[in-house]
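Numbering of the sequence shown is given in my numbering, commencing with residue 3 and proceeding in unit increments. Just so you know, even glycine gets a beta-carbon here, dropped at the ideal spot from N, CA and C. What follows is one structure encoded as structure tokens, with my remarks underneath.
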Amino acid sequence: TEDELMDAAARADLTGMFNCPHTGVALSALIKLREKGMIQPDDRTVVVSTAHGLKFTDSKVAYHERKLHQCSSTYANDVIRIPATTSKVIDALRTRIDL
């Protein structure tokens, strides 16, 4: 489902990747195969990503803003809108990570 693929991509993004929705389809299938026991914990698997999340920024932002009606946005991060200056970014980081 759309919900599963967007959640799978966002879940992988938590590891530092920035996945496209197409890769979310493959990751969703991987998760289902693992849950069904068709892929074992020690199995080595590869998911080929054919695009980058930067090509799909509208859908990525909408996911995190919880504006995709067909998605629960389970792994959404709160969107923080700040001016595009180094000092404002540093201030926002300091506020959120107690620096």
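Which whole-angstrom value describes the C-beta separation of tyrosine 77 and leucine 29, a residue pair presumed to lie in contact below a C-beta threshold of 8 Å? Numbered from its first residue, the sequence shown carries residue 77 at position 75. Numbered from its first residue, the sequence shown carries residue 29 at position 27. At roughly 12 Å, the Cβ-Cβ gap does not stay under 8 Å, so tyrosine 77 and leucine 29 are not in contact.
What is the DSSP secondary structure of threonine 59, reduced to helix, strand or coil? Residue mapping note: residue 59 aligns to position 57 of the sequence shown, counting from 1. Reduced to three states, the DSSP call for threonine 59 is helix.
Which of the three DSSP states, helix, strand or coil, is assigned to histidine 54? The count along the sequence shown starts at 1 and reaches residue 54 at position 52. Three-state result, histidine 54: coil.
Coarse secondary structure for aspartate 44, derived from DSSP in three states: Locating residue 44 in the sequence shown gives position 42, where the first residue counts as 1. It is coil, neither helix nor strand.
Where does the unbroken alpha helix (DSSP H) through serine 30 begin, and where does it stop? Mapped onto the sequence shown, residue 30 falls at position 28. Note, serine 30: alpha helix (DSSP H), 23-37.
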